[in-house]
Each structure stands twice: as C-alpha cells, then as structure tokens.
C-alpha cells in the first residue's frame, strides 16, 4: 500500500489508510510511534503515558458523589 508525502506548513504529512488504523487498533487522537531501523520504519500504537491530571480527574468523577457526602457530614 503506497501513500503520497504532502507538505503542510513546515511539516511533511502522510495519510494513514483506515485499514492500517484499524489494524493498529488506533483511534483519532491517540498517539502512534515510528520505530526506524536503517531504511525500515515500523508504525505501531504508542504505549499510553501515565497522565496524573487525567487519572486524578477520572478518580474525582468516579467518587464525586461519595466525596460530596463526606463533605456534608
């Protein structure tokens, strides 16, 4: 499967075909990574990075009602 390199601003971009995106199990907004070895490039879904703010927000949302009850006591 071939794709064309394009220029956007100061960057060179490629389009990832849907079939490749589905094979990776990637969704819009997720990171993918390029691993190079000589003139070979492997594209794979990036391992998620731990985001303290995101995890804290998720926990606060999960326990929101319980936390409110504790404050009211």
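In this note's numbering, the protein residues as written are 1101 to 1173. Cβ coordinates follow ideal geometry from the N, Cα and C atoms, glycine included.
- Taken through DSSP and simplified to helix, strand or coil, residue 1133 comes out as strand.
- Following the DSSP letters along the chain, one finds residue 1116 in no alpha helix (DSSP H), marked with neither H nor E.
- Residue 1154: not part of any beta strand (DSSP E); member of the alpha helix (DSSP H) spanning 1152 to 1162, first to last residue.
- Cβ-Cβ separation between residue 1131 and residue 1146: approximately 4 Å, consistent with a contact (criterion under 8 Å).
- Boundaries of the beta strand (DSSP E) harbouring residue 1145: 1140 to 1145, taken from the DSSP string.
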